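Visitor:
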Amino acid sequence: MRRRQFLGWAATAAALPALSACGRRGDEDVLYGRAVAQAPPRTPWDAQWTNFENNIAQNPALDFEYFTKAELGDEERMLFDLRRGRSHVGGMSLQGLSSSIPELTIAMAPYLFASREEVDFVYDEYLFDITDELARAQNLRLLQWVEVGWTHVFADRPLTHPDLAAGLRMRTSPNAAARFFCEAAGMDAIPLGIADVIPALQTGLVQGGLSSAVFHFFATLELAAHFTLTYHSYDTGAIVLNKDWYESATPSQKQTIDGAWGSPASARAGVRVLDDVVLGWLRAGVQTNREGEVIRPLVTTTGEPVQVHDLTAQDRAAWMAETENVVDRLVETIGGRAREVYDRIEAGKAAFARRNGSGGEAGS
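Residue 219 in the working numbering sits at position 70 of the sequence shown, with consecutive numbering throughout.
1. Is the beta carbon of residue 320 less than 8 Å from the beta carbon of residue 355?
2. Straight-line CA distance for residue 247 to residue 207?
3. Can you tell me whether residue 454 is buried or exposed, with buried defined as 16 or more other CB within 10 angstroms of its CB?
4. Sort 215, 331, 240 by Cα distance to residue 386 and report the nearest one.
5. Leaving out five residues before and five after residue 194 in sequence, what residues of the same chain have Cβ atoms less than 6 Å from its Cβ?
6. Cα separation between residue 469 and residue 257?
7. Taking DSSP as the reference, what is the three-state secondary structure of residue 302?
8. Would residue 184 and residue 238 be called neighbours here (beta carbons separated by less than 8 Å)?
9. Within the continuous alpha helix (DSSP H) that includes residue 448, where are the two ends?
10. Please report how far the alpha carbon of residue 393 lies from the alpha carbon of residue 234, in whole angstroms.
11. May I ask which residues mark the beginning and end of the alpha helix (DSSP H) holding residue 423?
12. Which partner residues of residue 455 appear in the DSSP bridge assignment?
13. Which residue wins for smallest C-alpha separation from residue 383, given the options 344, 412, 428, 298?
14. Candidates 309, 362, 381: which alpha carbon is nearest residue 330's?
15. Under DSSP, the alpha helix (DSSP H) around residue 497 begins and ends at which residues?
16. Do you know offhand how far residue 268's Cα is from residue 496's?
17. Which residues in the same chain as residue 230 place their Cβ atom closer than 6 Å to its Cβ, once the five residues preceding and following it in sequence are excluded?
18. State yes or no: is the C-beta of residue 436 within less than 8 Å of the C-beta of residue 180?
19. Going by beta carbon distance, what residues of the same chain come within less than 7 Å of residue 252, once the five residues before and after it are set aside?
20. Given that a residue counts as buried once 16 or more other Cβ atoms are within 10 Å of its Cβ, and exposed if not, what is residue 471?
21. Roughly how far, in whole angstroms, is the beta-carbon of residue 292 from the beta-carbon of residue 304, given that I think they are within contact range, below 8 Å?
22. Flag this pair as touching only if the stretch 415-433 and the stretch 360-368 have three or more C-beta atom pairs under 8 Å; answer yes or no.
23. Answer yes or no: do residue 275 and residue 493 have a C-beta to C-beta separation smaller than 8 Å?
24. Going by DSSP, which residues form a beta bridge with residue 296?
25. Could I get the ranges of all uninterrupted beta strand (DSSP E) runs contained in the stretch 203-260, with 3 residues as the minimum, in chain order?
26. Using the rule of at least 16 other Cβ atoms within 10 Å of the residue's Cβ for burial, across every protein chain shown, is residue 461 buried or exposed?
27. Taking the alpha-carbon positions, what's the residue 456 to residue 376 distance?
28. From 359, 232, 358, 369, pick the residue whose C-alpha is nearest to that of residue 447; which is it?
Right under this line is the structure:
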């Protein structure tokens, strides 16, 4: 998959007119649903939507249309349509969902989590219910968490220590946690949409950005030779529903919808496998096929080899110290129930540590 293809899914399209949630295609008992997302083709997210579609099709009382490859626009537009009943099921990153539920920004504060296992425990046991409560106030319901992964930094230079990042122009999402992280390290945070990332790198408007390994590999690899594994934030996405639509469903329809995505464990596993594979390619400097044969070297458009940089314990401590006040700034700025969300995260982390002995290593 090449960079041009990635930009294809990120480009926004004209939204379709609103449809009634009560589809009447020959049977007034059939519930119509429109699913929306930004799932890149041939990725685990795309495969998960295919599985969702197959499971929904088993119930003849559900009639869905699928626009899961960004056909209807960016996450902000998708959330707008979901809240107003123009769409009914949506796949969102936490960064996107936090535009409607700002308190969720707290969960993306830097160095809040130490391992995938800690993330899973806190989200499943401590954050699900409060997130669903906050979603209901926006005419949404939380169906299930989905996986996005660790966030790192890419740039035209290694960023193993925050001193190396001072003054750097960095692309971030509009999310406050990303902006505050960059600002705390002395970087110039420039919020841009996905479709604007490549032109901004090409023109020099930005010199780097924040990204998962998968996004960097498929989108920005050829324009930034250095990828530093900061493991500073974890983006856990969600499947959300239009509340009024879901509550209009019959018990049988709800049962199908509730189980259509599969278990949280299986949904997470597929994405994590891809993340680990991509990280292996980045470390090796080559992309390989399943047989281990080299497909292509990983180089920038200028021929510079792609390099991955790990943090030493001292480097990680420096990044943590430089950004430790971000979470307090977020709680104060966001207001609402942000303090409660933060307290629940801390309670979940403490419970995880009691159960497991420690939070583990970042990246595990």
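Even for Gly, the Cβ is constructed at its ideal location relative to N, Cα and C. Remember, it's a predicted structure, so these values are computed and weren't measured experimentally.
Guide: According to the structure shown:
1. Yes, the Cβ-Cβ distance between residue 320 and residue 355 is below 8 Å.
2. Approximately 33 Å between the Cα atoms of the pair.
3. Counting every other CB atom within 10 Å of its CB across the protein chains shown gives residue 454 a total below 16, marking it as exposed.
4. Of the listed residues, the one whose Cα sits closest to residue 386 is 240.
5. These residues qualify, in order along the chain: 188.
6. Distance between the alpha carbons of residue 469 and residue 257: 14 Å.
7. Reduced to three states, the DSSP call for residue 302 is strand.
8. Yes, these two residues count as a Cβ contact at 8 Å.
9. In this chain, residue 448 is not harboured by any alpha helix (DSSP H), its DSSP state being neither H nor E.
10. If you draw a straight line from the Cα of residue 393 to the Cα of residue 234, it comes to about 8 Å.
11. Segment 413-433, the alpha helix (DSSP H) holding residue 423.
12. DSSP lists no beta-bridge partner residue for residue 455.
13. Cα-wise, what sits closest to residue 383 is 298.
14. That would be 381, whose Cα lies nearest to the Cα of residue 330.
15. Annotation for residue 497: the continuous alpha helix (DSSP H) segment containing it runs 487-505.
16. Residue 496 has its alpha-carbon roughly 13 Å from the corresponding atom of residue 268.
17. Setting aside the 5 residues that flank it on each side, residue 230 is surrounded in the same chain by 236, each with a C-beta closer than 6 Å to its C-beta; the list follows chain order.
18. Their beta carbons are not under 8 Å apart, which means residue 436 does not touch residue 180 by this criterion.
19. A distance below 7 Å between beta-carbons, with the five flanking residues on each side excluded, links residue 252 to the following residues of its chain, in chain order: 283, 483, 485, 486, 487, 490.
20. So residue 471 ends up on the buried side.
21. The beta-carbon distance between residue 292 and residue 304, rounded to whole angstroms, is 36 Å. This is too long to meet the 8 Å contact definition.
22. Judged by Cβ distances under 8 Å, the stretch 415-433 makes contact with the stretch 360-368, as three or more pairs qualify.
23. Yes, the pair counts as a contact, with Cβ atoms nearer than the cut-off.
24. Looking at the DSSP output, residue 296 sits in a beta bridge with 385.
25. Listed in chain order, they are 211-216, 238-241.
26. By the beta-carbon neighbour count (other beta carbons within 10 angstroms, threshold 16), residue 461 is exposed.
27. Going from the Cα of residue 456 to the Cα of residue 376 covers about 6 Å.
28. Nearest C-alpha to residue 447: 369.
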